[in-house]
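A short worksheet on the structure shown next.
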Amino acid sequence: MNSSQKLIEKNNSLRKKLNLKNEVFYSDFLIYMRLGSITKKETVVENILLEILEDILDAQRENIDANKYFGKSPKMVADDILKSIPNSITDTVKLAMTGLFSFAIMTLLPVLANPNAKIDLGNMIFAGIYTCLASMLILKQVARSIYVINRFMSNKVVRYVTYFVLASAILAPVYLILFFVKTPLTFSLNGLTGVMVSVLIMAGFIVWWLRSNDRKFNFPMLFAALVFGILSLIIRIPNVQDTVFRSQFGKNSYAIIIMVALVSFYVVSHIVHKKQSD
């Protein structure tokens with residue numbers, strides 16, 4: 244477990260001591276800081292957030308609310324802090340590469356489950372780069388608007404719908420790129436090639452998961468890799484492939500299995516991340 248993860252876990256533990264009013268105040272402040280600091284060094288930001296939380300708890304013991312303790316707009320305080328923290332090129336590049344790699348793998352896994360599909364590496368790279376840039380833009384915009392949105396949209400459902408619509412509008416071009424942009428970097432993953440790629444991806448994910456700092460948080464990615472990897476191996480068995488794709492019923496049944504696998508991934512992700520936040 245790295246130093247940032249230790250700080251986050253300590254923060255999560257101490258936040259349970261906040262009263263309801265201070266919890267709402269600090270949660271907004273924490274989200275604003277984390278979303279607004281994606282180009283900053285994570286350990287520096289988490290150290291500051293922990294110090295502020297400890298200060299709020301000290302004030303709470305003296306019956307002083309967090310908003311009174313700050314004395315001015317929490318957004319202004321956060322902006323001043325963020326300006327004082329230099330940008331970290333290393334952390335930004337690492338975040339971008341992690342996002343690009345995750346996008347490529349999560350795009351590739353469902354395709355592997357179809358032995359007749361072709362992979363266009365070129366449009367996957369274009370879509371991945373756009374996704375990374377768009378995701379950073381979304382996080383920045385959400386951070387800038389969080390206090391405004393929370394002020395005028397007190398209903399959580401309305402806020403989540405607003406965030407979803409914003410994210411969907413920005414990420415929509417990803418699907419346009421994947422479906423309509425064609426490049427010469429296209430290759431097939433049928434037969435032995437598909438088997439080797441599936442095995443390598445599953446083995447790589449197992450090693451990555453075993454060496455990761457937070458296995459619980461990263462388990463959904465491992466789950467997806469294993470499920471789709473196993474499906475891709477099974478469907479490449481000659482007798483199975485012939486049976487599945489011989490009839491419309493077989494094709495529809497396999498499509499349903501793929502959908503169930505995708506839904507299972509999102510359910511597992513939700514459960515794990517919910518437990519992490521509790």
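For the record, in the sequence shown the residue sitting at position 244 is 487 according to the numbering used here, with numbers rising by one throughout. Idealized CB from N, CA, C, for every residue including glycine. These figures come from a predicted structure and were not determined experimentally.
Of the residues the options, the one placed nearest residue i, counting alpha carbons only
{"i": "Gln-248", "options": "Pro-463, Ile-368, Glu-285", "result": "Glu-285"}
{"i": "Ala-446", "options": "Leu-432, Phe-460, Leu-465", "result": "Leu-465"}
{"i": "Phe-346", "options": "Phe-471, Gln-303, Tyr-373, Val-287", "result": "Tyr-373"}
{"i": "Ile-291", "options": "Arg-489, Val-424, Val-510, Ile-251", "result": "Ile-251"}
{"i": "Phe-423", "options": "Gly-314, Ala-370, Lys-459, Val-385", "result": "Ala-370"}
{"i": "Ser-507", "options": "Lys-494, Gln-491, Arg-458, Ala-467", "result": "Ala-467"}
{"i": "Tyr-269", "options": "Glu-294, Ser-246, Thr-282", "result": "Glu-294"}
{"i": "Gly-342", "options": "Ser-256, Pro-358, Ile-281, Ser-431", "result": "Ile-281"}
{"i": "Ile-368", "options": "Ala-360, Met-379, Thr-350, Ile-381", "result": "Thr-350"}
{"i": "Ile-348", "options": "Val-336, Lys-337, Leu-364, Leu-338", "result": "Leu-364"}
{"i": "Thr-335", "options": "Leu-380, Glu-289, Lys-283, Asp-308", "result": "Lys-283"}
{"i": "Gly-477", "options": "Ser-411, Gly-437, Tyr-312, Met-379", "result": "According to the sequence shown, residue 477 is Ile rather than Gly. Minimum Cα distance to Ile-477 is reached at Gly-437."}
{"i": "Ile-473", "options": "Ile-501, Asp-308, Ser-431, Arg-454", "result": "Ile-501"}
{"i": "Ser-431", "options": "Ile-274, Ala-360, Val-267, Ser-246", "result": "Ala-360"}
{"i": "Phe-460", "options": "Phe-407, Ser-512, Val-267, Lys-326", "result": "Ser-512"}
{"i": "Lys-326", "options": "Glu-289, Met-276, Tyr-312", "result": "Met-276"}
Beta-carbon contacts of residue i that lie in its chain and below 8 angstroms, excluding the five residues immediately before and after
{"i": "Arg-387", "result": "Gly-279"}
{"i": "Gln-384", "result": "Leu-409"}
{"i": "Val-483", "result": "Ile-477"}
Other residues of its chain near residue i: CB distance less than 7 angstroms, five sequence neighbours each side excluded
{"i": "Ala-377", "result": "Ile-413, Leu-414"}
{"i": "Phe-471", "result": "Leu-352, Pro-353, Leu-355, Ala-356, Ala-504"}
{"i": "Leu-296", "result": "Asn-254, Leu-257, Arg-258, Tyr-269"}
{"i": "Ser-475", "result": "Leu-355, Ala-356, Gly-437, Ser-441"}
Cβ-Cβ distance between residue i and residue j below 8 angstroms
{"i": "Leu-421", "j": "Asn-366", "result": "yes"}
{"i": "Phe-462", "j": "Val-515", "result": "yes"}
{"i": "Ile-328", "j": "Val-287", "result": "yes"}
{"i": "Ile-299", "j": "Asn-255", "result": "no"}
{"i": "Pro-358", "j": "Asn-433", "result": "yes"}
{"i": "Ile-362", "j": "Thr-429", "result": "yes"}
{"i": "Arg-458", "j": "Trp-452", "result": "yes"}
Residue i in three-state terms, based on DSSP
{"i": "Lys-361", "result": "strand"}
{"i": "Ile-330", "result": "Residue identity differs from the one stated: residue 330 is Asn in this sequence, not Ile. Strand, per DSSP."}
{"i": "Ser-455", "result": "coil"}
{"i": "Ser-270", "result": "helix"}
{"i": "Ser-431", "result": "strand"}
{"i": "Lys-311", "result": "helix"}
{"i": "Lys-264", "result": "helix"}
{"i": "Lys-284", "result": "coil"}
{"i": "Asn-366", "result": "helix"}
{"i": "Ala-356", "result": "coil"}
{"i": "Ile-291", "result": "helix"}
{"i": "Glu-305", "result": "coil"}
{"i": "Thr-486", "result": "helix"}
{"i": "Ser-496", "result": "helix"}
{"i": "Thr-335", "result": "helix"}
{"i": "Lys-383", "result": "helix"}
{"i": "Thr-436", "result": "helix"}
Below-8 angstroms beta-carbon distance, residue i vs any chain D residue
{"i": "Val-487", "result": "Among the chains of the structure shown, chain D does not appear; only one protein chain is present."}
Same chain, Cβ closer than 6 angstroms to residue i, neighbours up to 5 away in sequence not counted
{"i": "Leu-382", "result": "Leu-278, Ile-281"}
{"i": "Cys-375", "result": "Ala-339, Gly-342, Leu-343"}
{"i": "Tyr-497", "result": "Val-487"}
{"i": "Asp-455", "result": "The sequence as given places Ser at residue 455; Asp does not occur at that position. Correct list, in chain order: Asn-461."}
Item to check | Inter-stretch contact at 8 angstroms, needing at least 3 Cβ pairs: the segment 301–311 / the segment 256–273 | outcome: Touching, yes.
Checklist entry - Is it a yes or a no for the segment 433–443 touching the segment 318–332, going by three-plus beta-carbon pairs under 8 angstroms? => result These segments do not touch.
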